[in-house]
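*Asks:*
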Amino acid sequence: MSALEKFGVDIFTQHNIFERIAVDKPFRPENPAFIFIKTGTIKLKQHFRDLELSANMFMVTDPQTIYELVSVSDDFQSRMVSYKREFISALSLKFNRLITYRYFRQQMNIGVPFHQDEMDVVWKSVNFLKYILDSETEMMYKKEMVEHLFSVIRWQELFPKKTTVR
């Protein structure tokens, strides 16, 4: 059973991201995901729009959107946090009620830049969540840890420390 089936969330790196992203053909992801780019670039087509994500950026992919992978640089380093919609609904994070979220969501679908130090914090959080998910050790409250770490990542992407809300 995959982590996505068991916990509702799974993380892919630049080494296995292509298990979730089809290469050389248009695809529609099964589940929404956050893609964090630490280094390098990835070029995508989103419907008919060309997108280029580079270092210290993230984007949200949506199952209702068709993507096509155009190219990936040699120094590409990423984490893709894939999740089931039911998982995020169960967390009771009331993002949709936040005015800033509604505005920010439009931008998240085409790429959002982070400052280097903000990306470092998010990167460490995603890696810790990946460590928990990949751990073979039986842990009490593992599901709860996954939920809380996912919530932390979600808040970090929405409200980085240098973002000012007006």
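Heads up, the sequence shown is in numbering that gives the first Met the number 0, so the first residue is 0 and it goes up one at a time. Ideal Cβ placement from N, Cα and C applies to all residues, glycine included. All values reported here derive from a predicted model rather than from experimental measurement.
1) Please tell me whether Gly110 has its Cβ less than 8 Å away from any Cβ of chain D.
2) Look at the alpha carbon of Phe149 and the alpha carbon of Phe47, and state the distance between them as a whole number of angstroms.
3) Could you give the residue range of the alpha helix (DSSP H) that holds Val125?
4) Whole angstroms is fine: what's the gap from Glu29's alpha carbon to Glu85's?
5) Mind checking Leu52: buried by the 16 CB within 10 Å criterion, or exposed?
6) Pick helix, strand or coil for Lys142, following the three-state DSSP scheme.
7) In or out: Tyr82 buried (at least 16 other Cβ within 10 Å) or exposed?
8) From Phe57 to Ala21, what does the alpha carbon distance come to, in whole angstroms?
9) With Ile152 and Ser124 assumed to form a contact (beta carbons below 8 Å), what rounded beta-carbon distance in angstroms separates them?
10) Grouping DSSP H, G and I as helix and E and B as strand, with all else coil, what is Phe75?
*Replies:* Answer, in terms of the structure:
1) Annotation note: the requested chain D is absent from the structure, which comprises a single protein chain.
2) 31 Å
3) 115-133
4) 13 Å
5) buried
6) helix
7) buried
8) 19 Å
9) 5 Å
10) coil
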